[in-house]
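Just so we're aligned: 72 in numbering that gives the first Met the number 0 is position 73 of the sequence shown, and the numbers increase by one with no gaps anywhere.
Beta carbons: idealized from backbone N, C-alpha and C, even for Gly.
Given the structure is predicted, the values throughout are model-derived calculations rather than measurements.
Each remark here refers to the structure printed beneath this line.
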Amino acid sequence: MKIIGISGTNGSGKDTVSKMLAEKHGYLFADASAMFVAELNQRCLPIDRANKSKLSAEWRREFGMGAIVDKAVEMFNQSSKAYAGLVVGSLRHPGEVDSVHNLGGKVVWVDADPRVRYDRIQKNLHERQTTHAEEGKSFEEFLAEQQREMTPVGDSATINMSAVKEKADIFLENNRADVEAFKKEAEEALEKYLT
0 MKIIGISGTN
10 GSGKDTVSKM
20 LAEKHGYLFA
30 DASAMFVAEL
40 NQRCLPIDRA
50 NKSKLSAEWR
60 REFGMGAIVD
70 KAVEMFNQSS
80 KAYAGLVVGS
90 LRHPGEVDSV
100 HNLGGKVVWV
110 DADPRVRYDR
120 IQKNLHERQT
130 THAEEGKSFE
140 EFLAEQQREM
150 TPVGDSATIN
160 MSAVKEKADI
170 FLENNRADVE
180 AFKKEAEEAL
190 EKYLT
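Here's what the structure looks like:
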């Protein structure tokens with residue numbers, strides 16, 4: 000099984016890379032955020048970053064530090080549809096990176112200038128005209144939230160994005176507004192892992 004883990008900062012383009020791999024290369028996109036949303040809905044809890052973080056830590060404590068990757072592999076194995084590989088996003092703990100590496104995969108870190116990412120998120124929210132956890136956040140709140148996710152607070156099961164970044168294999172910068180150009184750049188960076 001080919002496996003690629005995707006991580007990076009909020010609004011950097013992680014889902015763009017994951018969806019490109021799904022659409023152009025036949026990968027199954029196992030979206031951790033969608034997993035959390037489904038579970039939080041089942042528990043009748045608000046869908047926000049705090050609850051997603053708590054749930055991810057709970058799963059790591061209960062099922063192991065690579066729980067998200069394990070759930071993604073289970074989805075891949077249960078799929079009746081033939082996929083060329085598995086892309087798991089978004090990794091937020093070093094144990095998840097270790098799981099991808101143990102399966103012979105690579106991890107991509109996607110980043111962009113904080114102001115570019117913040118503006119991108121706000122623009123997307125405006126275009127979708129839907130309520131979202133990011134709505135109404137100031138740039139300062141956005142930066143503070145990022146800092147909390149980069150620096151571990153709590154036990155070994157909590158989010159630790161800086162450790163994920165340290166273990167990543169491929170680094171992509173996405174400061175441009177041209178989504179198609181970024182997809183092409185990402186595809187070229189991943190080309191040798193897709194064949």
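Inset, instruction - Sort out for me which residues DSSP pairs Trp-108 with in a bridge. - result: Note: Trp-108 is bridge-paired with Ser-6 and Phe-170 in the DSSP secondary-structure output.
Inset, instruction - Please determine if the segment 39-49 and the segment 66-80 are in contact, where contact requires at least 3 C-beta pairs separated by less than 8 Å. - result: No: fewer than three Cβ pairs fall under 8 Å.
Legend entry - Span of the alpha helix (DSSP H) around Ala-31: 31-41 is the extent of the alpha helix (DSSP H) around Ala-31.
Inset, instruction - Could you tell me which residues DSSP pairs with Phe-28 in its beta bridges? - result: Secondary-structure assignment with DSSP links Phe-28 through a beta bridge to Val-86.
Legend entry - Cutoff 7 Å; reference Asn-159; Cβ partners in own chain excluding five residues on either side: The answer, listed in chain order, is His-92, Pro-93 and Pro-151.
Inset, instruction - Determine the closest residue to Gly-195 out of Gly-4, Arg-147, Leu-124 and Asn-174, with distance taken between C-alpha atoms. - result: A query on residue 195 cannot be resolved here, the shown segment of the chain reaching from 0 to 194 and no further.
Legend entry - alpha helix (DSSP H) segment containing Ile-67, residue limits: Looking at the DSSP string, the run of the alpha helix (DSSP H) that includes Ile-67 is 66-77.
Legend entry - Delimiting residues of the alpha helix (DSSP H) encompassing Gly-94: Counting along the chain, the alpha helix (DSSP H) containing Gly-94 begins and ends at 93-101.
Inset, instruction - Taking Asp-97 as the reference, give the member of Ile-2, Leu-193 and Asp-112 with the closest Cα. - result: Residue Ile-2 is the option with its Cα nearest to Asp-97.
Inset, instruction - Mind checking which residues open and close the alpha helix (DSSP H) that includes Ser-52? - result: Where Ser-52 is concerned, the enclosing alpha helix (DSSP H) stretches over 48-62.
Inset, instruction - Whole angstroms is fine: what's the gap from Lys-182's alpha carbon to Ala-188's? - result: Approximately 10 Å between the Cα atoms of the pair.
Inset, instruction - Note down, in chain order, each residue of its chain lying with its Cβ closer than 8 Å to the Cβ of Gly-63, except the 5 sequence neighbours on either side. - result: Its chain contains Asp-69 and Gly-94 as the residues whose beta carbon lies nearer than 8 Å to that of Gly-63, once the 5 sequence neighbours on both sides are disregarded; these appear in chain order.
Inset, instruction - Return helix, strand or coil for Arg-175, following the three-state DSSP convention. - result: Arg-175 falls in the coil class under three-state DSSP.
Legend entry - Delimiting residues of the alpha helix (DSSP H) encompassing Met-149: Start and end: 138-149.
Legend entry - Best match in Ala-21, Lys-105, Trp-108 and Gln-121 for proximity to Gly-135 [C-alpha to C-alpha]: In terms of CA proximity to Gly-135, Gln-121 leads the group Ala-21, Lys-105, Trp-108 and Gln-121.
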